[in-house]
Amino acid sequence: MSVDADAHLIRTDPDRPPVAVEEPRRPSGKAKLVTAVLAAIAALGWAMIAVARGEHISSVWIVLAAVGTYLVAFRLYAKFIERKILRPRDTRATPAEEFDNGKDFMPTDRRVLFGHHFAAISGAGPLVGPVLAAQMGYLPGTLWIIFGVVFAGAVQDYMVLHLSIRRRGRSLAQMARDELGFVGGWAAILGILSIMIILIAVLGVVMIGAMAESPWAVYSIALTVPIALFMGVYLRFLRPGKISEVSIIGVALLLFAIVSGRWVSESDWGAAMFTLDKPTLALWLAAYGFAASVLPVWLLLAPRDYLSTFMKVGTIIVLALGILVVRPELQMPALTQFGRDGTGPAFAGQLFPFLFITIACGAISGFHALISSGTTPKLIEKERQARLIGYGGMLTESFVAIMALVTATIIDQHVYFAMNAPAGVTGGTPASAAQYTNGLGLVGTGGTPLPPVDPSVYSTAAAEVGEKTIISRTGGAPTLAFGMSEVMHRVPLLSILDKAFWYHFAVLFEALFILTTIDAGTRVARFMFSDAIGNIPGLTRFKDPSWRVGAWLCSALVVVGWGSILYMGVTDPLGGINMLFPLFGIANQLLACIALCVVFAVVVKQGLLRWAWIPGVPLVLLLTVTMTASWQKIFSADPKLGYWTLHTKAQEALAAGKTTFSTAKNPAEIEAVIRNTAVQGTLSIVFAALVLLVFLATLAVVVRAIRAGGLPTSEEPDVPSHIFAPAGFVPTPVEKEALVEWRSAGLDPVPAGRTHG
Amino acid sequence: MTSGAAMLGRARRVASSLRWYVRGVVGEDAYDRYVAHLRATHPDAPIPTEREFWREKYAEQERNPKTRCC
């Protein structure tokens, strides 16, 4: 080995093989060529999206633009962030190596960790938001999902992950307290807690939208509970640790649940037993959430998590292949009239800011900061791998959002709008819905008006997917399921199963995600809550997690918290989704603001003012978006937008003795409107105030740091690393050199039992 | 080696890689890795049975819940 090459191999112990490598400053010719080819693919996709305005536009162009842009951004922008701000050092031991206990701290193969991290960050969010945003056309959503993730979402995930690696894997809440001080830290914790409550509630509304009046869906989703219990018992008493085995059995049982759902829903007893209305389902869901959060983890939560991981990864791969094989044509135009005037039925509000609110997960999701801090840093082998796991993992999540957008925009427009408009405007019957959608003045991708439809279109479409009706099935989940069934039943081989099967498969797949989030979220919120009130003198016993009474009490309070918002949402006379979804998006984006505040403060403290725009740009963008949206939700005089204006108008209507108001049909419903808008308006104020508090605390820290020319951060001192692993999926030539040295020394680059291939 | 045997060998390697990957992502290899860790760092420590290990693992999850994303 030449002296020259050896200089690229860095050691912490002169007698042992290298633990880090220095890559050449200039990329190789081959690397440049690969980037150029990827850029050309992205450019082709974008060019086709830009010029194609005919009647036949393939969805493949969107996929090409997305994948090409992601890969170029990963190779260039993520690399730029790595060089200029984060400057990872592989000579430094990660928390996984330093505190390796063979359990929660443990260096884990980067490829495995990528899958693990992706499974933890992906959920129902990126599937629902793009479906609702499709009412504005395919272009706004596509642009925001792709550029949002490149410059905001992936940046947040990557930087938070890096910060947490440098801080022994501490959580976002702890880092906020350390970096932003007492007030900022507490505002962040309260913000995270209240945001989790609203997230769970809105996901519940989404799920109930797919389950209400659908015995097939209720039956198959209900069956997931005994299936999970069976898996839990199997793993506990029969074959401990055989997770793949029991998951395969579980998935087989799930498929049986879907197939048998048809028979049950077609039988008289089945239809009678499993046809439930929305309020009943909301109560069941709250009862389930409470049970899941107090039952032992091994019995329900853990097995359900395995099941949902298998279903999640499997379905996403199948859907991606399905879209590539079928290459469906887009039905929605690039920009609809609702994108221009902001009067769409799925959610109200102008493109700015409400597009950026509706598509949260997929472009940027604050929730990911909770995963990127805390869990993944305790498993990562090397600091330089954070680019692949953090930035790369989020790009994959964004791709899921793109697929959801494609799935929603290939549906017939009449069907899309009939499904997503609240019952108050569609009237709920095929005849009234046809009248509604025929009056919308819909135009095709080429701009020619769409011919009016006959009401039978809706009854036929409902029968094809095995549902009684598809009208006003709001919430995004039924629309996505409908779109997925359109794609899947056209894929060769998969087409032996009909649309009804695939529709219910998709509904079940989304419900599994949501139930997992509800289980885990309730538990986490309960812990945060009991930890917070445990600080109050006299209530310190709440800090003890093994005190069952405290656990039950806190669980009950958390469930009542989200359960009441859920109940409010499903009984809302104005349509729960279009009233609550903006709050969900605002909450998630505000969490992202908190995460970006922490990152921004650290960058300024480190004296990297010149590069502070990297987290600064997404922070300012998100603050502008969320504050504008919150402002409109709180102060707008337009009753379609402002919660309080609607509140006052409803009060006036009731006082004037009116018996109807907007889509509320009787005085009791008007009272519900008054109550709901008060809750929604108050939540908007609380969220905005908490985040402003965090932002002000950040500004105070930033000003102090600039005056002092930098401040110490809570970064932990270096501990030398003694292991080696490549940074990306494929080792580079220099990394291969290092691996050869480990092999010839007869040593494992990472502790024994962890290597493969 | 015949080409059939070579194909079979390759298929076996692919299957074993796939099995390794799936086990890793769902966390099924936790016990094997913990045992390897104990043998390497604390050779004298008693090694729990697989049943004990998983009981303790779920008890730990009970004490420190992890969130899942939306």
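Going down the list, the protein sequences come from chains R and F.
Going by this note's numbering, the first residue of the first sequence is number 717, and it counts up by one from there.
Going by this note's numbering, the first residue of the second sequence is number 217, and it counts up by one from there.
Each residue gets a CB set at the ideal place from its N, CA and C atoms; glycine is no exception.
- Counting only residues of its own chain and dropping the five nearest sequence neighbours on each side, Ala1421/R has a CB closer than 7 Å to the CB of Val1320, Lys1321 and Leu1427.
- In the DSSP secondary-structure assignment, Val1159/R is bridged to Pro1165/R.
- Bridge partners of Phe1377/R according to DSSP: Ala1380/R.
- Thr824/R is positioned such that its CB atom lies no closer than 8 Å to that of Leu1086/R.
- Residues of the stretch 225 to 246 of chain F with a Cβ closer than 9 Å to any Cβ of chain R, in chain order: Arg229, Ser232, Ser233, Arg235, Trp236, Tyr237, Val238, Arg239, Gly240, Val241, Val242, Gly243, Glu244, Asp245 and Ala246.
- The beta-bridge partner set that DSSP reports for Pro1436/R consists of Arg808/R.
- Distance check between Thr1344/R and each of Phe1403/R, Asn817/R and Trp902/R places Phe1403/R closest, using alpha-carbon atoms only.
- Put simply, of Met923/R, Ser1437/R and Leu992/R the residue whose alpha carbon is nearest the alpha carbon of Pro733/R is Ser1437/R.
- At a Cβ-Cβ threshold of 8 Å, Phe990/R and Val934/R count as neighbours.
- Secondary structure note for Lys795/R: its alpha helix (DSSP H) is the uninterrupted segment Tyr793 to Ile797.
- Taking 8 Å as the CB threshold, Pro281/F lines the interface with chain R.
- Closer than 9 Å at the C-beta level to chain F, one finds these residues of the stretch 802 to 823 of chain R: Asp816, Asn817, Gly818, Lys819, Asp820 and Met822.
- At least one CB of chain R lies nearer than 8 Å to the CB of Ala256/F.
- Under the DSSP assignment, Glu1113/R falls in the alpha helix (DSSP H) whose first and last residues are Gly1109 to Thr1125.
- Using a Cβ-Cβ cut-off of 8 Å, His878/R is close to nothing in chain F; its nearest Cβ partner there is about 19 Å away.
- Under the three-state reduction of DSSP, Ile263/F is assigned to coil, being neither helix nor strand.
- Boundaries cannot be given for Arg952/R, as no alpha helix (DSSP H) includes it and DSSP labels it neither H nor E.
- For Ile959/R, the C-beta contacts it makes with chain F under 8 Å involve Arg239, Val242, Gly243 and Glu244, in order along the chain.
- The alpha-carbon of Ala1303/R is positioned some 11 Å away from that of Thr1074/R.
- Counting only the Cα atoms, Asp731/R lies some 52 Å from Ile1230/R.
- Among the residues of the stretch 1216 to 1245 of chain R, those with a Cβ less than 7 Å away from any Cβ of chain F are Thr1232, Thr1233, Ala1236, Gly1237, Arg1239, Val1240 and Phe1243, in the order of the chain.
- Of all residues in the stretch 828 to 847 of chain R, only Val828, Gly831, His832, Ala835, Ala836, Ile837, Ser838, Gly839, Ala840 and Gly841 come within less than 7 Å of chain F when Cβ atoms are compared, listed by chain position.
- A contact between stretches requires three or more CB pairs, one per stretch, nearer than 8 Å, and the stretch 879 to 886 of chain R meets this requirement with the stretch 802 to 814 of chain R.
- The beta-carbon of Ala1018/R is placed less than 8 Å from the nearest beta-carbon of chain F.
- In summary, Asp1434/R is exposed, with fewer than 16 beta-carbon neighbours lying within 10 Å of its beta-carbon over all protein chains present.
- Here Val1333/R has Phe867 as same chain residues with Cβ atoms under 7 Å from its own Cβ, once five neighbours each way along the sequence are excluded.
- For a Cβ distance threshold of 7 Å, residue set Tyr274 of chain F lies close to Trp1014/R, ordered along the chain.
- Taking the C-beta atoms as reference points, Thr1233/R is found nearer than 8 Å to Ala840/R.
- Closest option to Thr1185/R, judged by alpha-carbon separation, among Pro931/R, Ala1272/R, Ala812/R and Thr858/R: Pro931/R.
- Partner residues in the beta bridge of Ala736/R, as assigned by DSSP, are Ile726/R.
- For the 8 Å CB-CB criterion, Gly1277/R and Ser1246/R do not form a contact.
- Burial state of Ile964/R is exposed, judged by a 10 Å Cβ sphere holding fewer than 16 other Cβ atoms.
- Unbroken alpha helix (DSSP H) stretches of 4 residues or longer found wholly inside the stretch 801 to 862 of chain R: 811 to 814, 826 to 837 and 841 to 849, given in chain order.
- Among the bridge pairs identified by DSSP, Glu1045/R is matched with Ser774/R.
- For Asp825/R, the chain F residues whose C-beta falls within less than 8 Å of its own C-beta are Gly240, listed in chain order.
- Against chain F, the beta carbon of Thr1025/R has neighbours under 8 Å at Val241 and Val242, listed in chain order.
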